[in-house]
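Report on the following structure.
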């Protein structure tokens with residue numbers, strides 16, 4: 008083995024040694040180091056779930072046994088980009104990560120919260136809230152105190168319907184395609200109708216269908232009433248067209264949900280904002 012190959016293998020081995028896997032996201036609290044009691048985990052989960060339901064903001068907690076030589080900043084951003092706490096386009100997510108053996112921790116802040124949860128405030132939470140409690144072995148109290156501090160800062164910065172508005176904005180282009188297809192269909196049949204009485208009758212049916220479809224675009228009851236008035240029995244095939252077109256533009260919902268259990272990260276983005284520390 009020549010010298011260059013040996014150096015390459017050493018560097019490659021160092022990279023492997025300094026990379027650790029990202030654990031699965033199980034919920035708001037992911038205690039892989041066994042820091043947190045079951046009772047406290049339930050309390051933290053309730054607090055964080057309530058915040059998501061009211062504000063759409065997501066805060067995830069992760070504890071790990073060791074960083075295995077990797078710096079906590081690199082690992083934290085890697086976890087944040089994998090788990091994606093916060094909502095897509097709002098980027099209102101936070102990750103609090105603690106490494107047991109390294110006695111290190113970090114608060115990773117999403118783009119959308121960097122204005123309120125600044126690097127300075129994140130550092131103060133670590134140094135003035137978490138570190139003193141962790142040094143005394145009061146881990147449950149420390150996690151609760153950090154969680155309360157984070158919630159008090161980010162609370163009311165966003166509302167739950169902000170995430171819904173973001174979804175509606177992304178769906179507007181799809182809604183426009185529906186209307187465009189209906190208008191195009193109307194004019195095509197209208198042109199054909201000028202050469203055929205039968206086609207002309209079909210054009211009238213399309214016109215009658217277009218009005219209730221456009222007025223009641225997202226109100227099925229109103230659409231049915233207007234469709235029956237305008238088309239009679241001809242409403243049946245047009246309703247099929249309507250729902251086929253509509254179903255094609257309805258994408259998946261956001262990663263978070265206000266009801267039921269935990270549904271994962273909502274797609275938030277991160278850029279390295281936050282602070283690190285130890286105890």
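Numbering (the numbering used here), first residue to last: 8 to 286. Positions of the beta carbon are idealized from the N, C-alpha and C atoms, including for glycine.
Pairwise C-alpha distance: residue j and residue i
i: residue 38; j: residue 168; result: 30 Å
i: residue 250; j: residue 148; result: Summary for residue 250: the model assigns pLDDT 39, below 50, so the residue's position carries little reliability; its value from the coordinates is reported in the next sentence. Distance between the alpha carbons of residue 250 and residue 148 is about 53 Å.
i: residue 93; j: residue 34; result: 13 Å
i: residue 40; j: residue 284; result: 18 Å
i: residue 82; j: residue 131; result: 21 Å
i: residue 71; j: residue 105; result: 6 Å
i: residue 162; j: residue 156; result: 10 Å
i: residue 2; j: residue 107; result: With the chain covering only 8 through 286, there is no way to say anything about residue 2.
i: residue 143; j: residue 281; result: 24 Å
i: residue 122; j: residue 44; result: 33 Å
i: residue 275; j: residue 129; result: 18 Å
i: residue 95; j: residue 60; result: 16 Å
i: residue 141; j: residue 134; result: 10 Å
Given residue i as reference, the closest of the options once Cα atoms are compared
i: residue 31; options: 283, 61, 54 and 90; result: 90
i: residue 62; options: 99, 29 and 111; result: 99
i: residue 47; options: 281, 138, 131 and 145; result: 145
i: residue 66; options: 124, 29 and 44; result: 124
i: residue 36; options: 50, 29 and 138; result: 50
i: residue 77; options: 155, 109, 54 and 55; result: 109
i: residue 273; options: 112, 64 and 162; result: 64
i: residue 52; options: 156, 151 and 131; result: 151
i: residue 286; options: 106, 276, 40 and 138; result: 138
i: residue 269; options: 55, 134, 278 and 280; result: 55
i: residue 29; options: 73, 107, 75 and 85; result: 85
i: residue 80; options: 111, 60, 122 and 95; result: 111
i: residue 166; options: 118, 97 and 129; result: 97
Assumed close pair residue i, residue j - CB separation to whole angstroms, cut-off 8 Å
i: residue 58; j: residue 158; result: 6 Å
i: residue 5; j: residue 102; result: Given that the chain is displayed from residue 8 to residue 286, the structure contains no residue 5 and the question cannot be resolved.
i: residue 164; j: residue 120; result: 7 Å
i: residue 27; j: residue 74; result: 7 Å
i: residue 153; j: residue 136; result: 6 Å
i: residue 271; j: residue 118; result: At roughly 19 Å, the Cβ-Cβ gap does not stay under 8 Å, so residue 271 and residue 118 are not in contact.
Residue range of the unbroken beta strand (DSSP E) whose run includes residue i
i: residue 63; result: Unbroken run through residue 63: none, as it is neither H nor E.
i: residue 38; result: 36-38
i: residue 277; result: 277-285
i: residue 100; result: 100-106
Run of the alpha helix (DSSP H) containing residue i, from where it starts to where it stops
i: residue 140; result: 138-142
i: residue 123; result: Unbroken run through residue 123: none, as it is neither H nor E.
i: residue 157; result: 146-161
i: residue 81; result: 79-90
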